[in-house]
Amino acid sequence: MFAAYAARIDRDQPLNGLELGERPAPEVRPGWTTVNVKAASLNHHDLWTLRGVGITEDSLPMILGCDAAGIDADGNEVVLHSVIGQSGHGVGPGEPRSILTERYQGTFAEQVTVPAWNVLPKPKELSFEDAACLPTAWLTAYRMLFTNAGVRPGDSVLVQGAGGGVATAAIVLGAAAGLRVFATSRDDAKRKRALELGAEGVFASGERLPQRVDAVIETVGAATWSHSVKSLKPGGTLVISGATSGFTPKNGELNRIFFLELKVVGSTMGTKEELASLLSFCAAKGIRPVIDSTLPLDRAREGFEKMAQGDLFGKIVLTV
Numbered sequence: 516m517f518a519a520y521a522a523r524i525d526r527d528q529p530l531n532g533l534e535l536g537e538r539p540a541p542e543v544r545p546g547w548t549t550v551n552v553k554a555a556s557l558n559h560h561d562l563w564t565l566r567g568v569g570i571t572e573d574s575l576p577m578i579l580g581c582d583a584a585g586i587d588a589d590g591n592e593v594v595l596h597s598v599i600g601q602s603g604h605g606v607g608p609g610e611p612r613s614i615l616t617e618r619y620q621g622t623f624a625e626q627v628t629v630p631a632w633n634v635l636p637k638p639k640e641l642s643f644e645d646a647a648c649l650p651t652a653w654l655t656a657y658r659m660l661f662t663n664a665g666v667r668p669g670d671s672v673l674v675q676g677a678g679g680g681v682a683t684a685a686i687v688l689g690a691a692a693g694l695r696v697f698a699t700s701r702d703d704a705k706r707k708r709a710l711e712l713g714a715e716g717v718f719a720s721g722e723r724l725p726q727r728v729d730a731v732i733e734t735v736g737a738a739t740w741s742h743s744v745k746s747l748k749p750g751g752t753l754v755i756s757g758a759t760s761g762f763t764p765k766n767g768e769l770n771r772i773f774f775l776e777l778k779v780v781g782s783t784m785g786t787k788e789e790l791a792s793l794l795s796f797c798a799a800k801g802i803r804p805v806i807d808s809t810l811p812l813d814r815a816r817e818g819f820e821k822m823a824q825g826d827l828f829g830k831i832v833l834t835v
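In my numbering, the protein residues as written are 516 to 835.
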């Protein structure tokens, strides 16, 4: 079957390890099901895999892709939950948690196999392309907002780095849930798009907000960390799920964190139950993921290049 896969690890030039071509079809195994992929979406996790994060040389070649929607063996339209392992995640209780492409082959292929437990019905209101955007970036944003930040309608939230997959999802979901959403970006066009998606106010990166917020959604990391901490109300919550600009900020702002009794919460992906709630929320409220561009699988390299350059707003979807 045709697939986009990591053939080599290159920490400095990750796209050097990306290849497109034929790979073996998934093997049948007890308790697992094979899905014919109709659409899959890119995440920064795929670039990190090409850099060797979360994977070792002996796992190569590894088909990339965490997210997918497609048709199962019984003809049902489905969405995949890409977290596999740990008790309740589809395999034995002794297996550590992983995401597709770390231990198991991913979704950038004509077919993918996952534990049957990891398959959810696709709402009829969502296209395959829409549904394929949800299981990683949108699920991460959903958990950050509604589980780990614990915000309620009327609360204020700052979303750093408008344009990225998680940040875009947080703006749309937050606005739909009645939150007062503020967003930042270095790019004026991305700030304007954030306003169109429901942000109440947009600001240049590092610009002082008109008020302090109840929570910050942080995926940028080192470049925005100080601003995130300074933007919080006393007792506020900073939720972080990524650090695309680096892991070590110049100033940790520890004095502010303890003096203002701020909470810093790490967040990774989400549960199958949260994904089911996200799917239902999107279907019921007419929410659709922001898609930057849609490409056929054989043009996956173009999508990877666009994501690596940061030249996108929303998700890049690959169709099969």
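Every residue, glycine too, gets a C-beta built ideally from N, C-alpha and C.
Under the rule that 16 or more other beta-carbon atoms within 10 Å means buried, what is residue i, buried or exposed?
i           : result
residue 537 : exposed
residue 765 : exposed
residue 799 : exposed
residue 706 : buried
residue 785 : buried
residue 801 : exposed
residue 558 : buried
residue 590 : exposed
residue 658 : buried
residue 807 : buried
residue 609 : exposed
residue 540 : exposed
residue 693 : exposed
residue 804 : buried
residue 770 : exposed
residue 824 : exposed
residue 588 : exposed
residue 543 : exposed
residue 819 : buried
residue 637 : buried
residue 750 : exposed
Among all the DSSP beta bridges, which residues are the ones paired with residue i?
i           : result
residue 729 : According to DSSP, residue 729 bridges with nothing at all.
residue 657 : Note: residue 657 sits in no beta bridge, so no partner.
residue 517 : 537
residue 831 : 808
residue 755 : 733, 781
residue 747 : 728
Less than 7 angstroms separating the Cβ of residue i from some heavy atom of the ligand PLP?
i           : result
residue 535 : Absent from the structure shown: the ligand PLP. Ligands present: none.
Keeping to the same chain, check which residues put their C-beta closer than 6 angstroms to that of residue i; ignore five residues upstream and five downstream.
i           : result
residue 768 : 741, 744
residue 704 : none
residue 708 : 828
residue 643 : 553, 554, 584
residue 811 : 834
residue 663 : 754, 780, 782
residue 698 : 674, 677, 686, 709, 714, 717
residue 556 : 582, 647, 648, 830, 832
Among the residues of its own chain, which have a CB less than 7 angstroms from the CB of residue i, if the five just before and after it don't count?
i           : result
residue 546 : 630, 631
residue 521 : 532, 533, 564, 565, 575, 576, 577, 579
residue 796 : 802
residue 815 : 519, 535, 623, 833
residue 606 : 599, 600, 630
residue 793 : 649, 653, 654, 657
residue 640 : 798
Cutting at 8 angstroms between CB atoms, please list the residues of its own chain near residue i, excluding the five before and the five after it.
i           : result
residue 753 : 730, 731, 733, 743, 744, 747, 777, 778, 779, 780
residue 736 : 755, 757, 758, 759, 760, 761, 762, 764
residue 581 : 558, 560, 561, 597, 614, 615, 616, 621, 622, 650, 651
residue 685 : 656, 659, 660, 672, 674, 696, 732
residue 725 : 716
residue 586 : 550, 551, 553, 592, 593
residue 573 : none
residue 791 : 635
residue 524 : 532, 565, 566, 567, 570, 572, 575
residue 516 : 537, 538, 539, 540, 624, 625, 626
message: Pairs of beta-carbons, one from the stretch 529-547 and one from the stretch 560-580, closer than 8 angstroms: are there three or more?
response: yes
message: Going residue by residue through the stretch 779-814, where are the continuous beta strand (DSSP E) segments of at least 3 residues, counting only ones entirely within it?
response: Listed in chain order, the complete beta strand (DSSP E) runs (minimum 3 residues) inside the stretch 779-814 are 806-811.
task: Examine the Cβ distances between the stretch 658-669 and the stretch 726-741 and report whether three or more of them are shorter than 8 angstroms.
output: yes
- request: Taking only runs that begin and end inside the stretch 533-586, name each unbroken alpha helix (DSSP H) of 4 or more residues, in chain order.
  value: 559-565
field: Whole beta strand (DSSP E) elements within the stretch 668-718, 3-residue minimum
entry: 671-674, 695-700
query: If you scan the stretch 592-637 from start to end, which runs of the beta strand (DSSP E) of 3 or more residues do you find wholly inside it?
result: 592-595, 626-630, 634-636
task: Say whether the stretch 715-725 touches the stretch 640-658, bearing in mind that this needs 3 or more beta-carbon pairs closer than 8 angstroms, one atom from each stretch.
output: Result no; under three Cβ-Cβ pairs closer than 8 angstroms.
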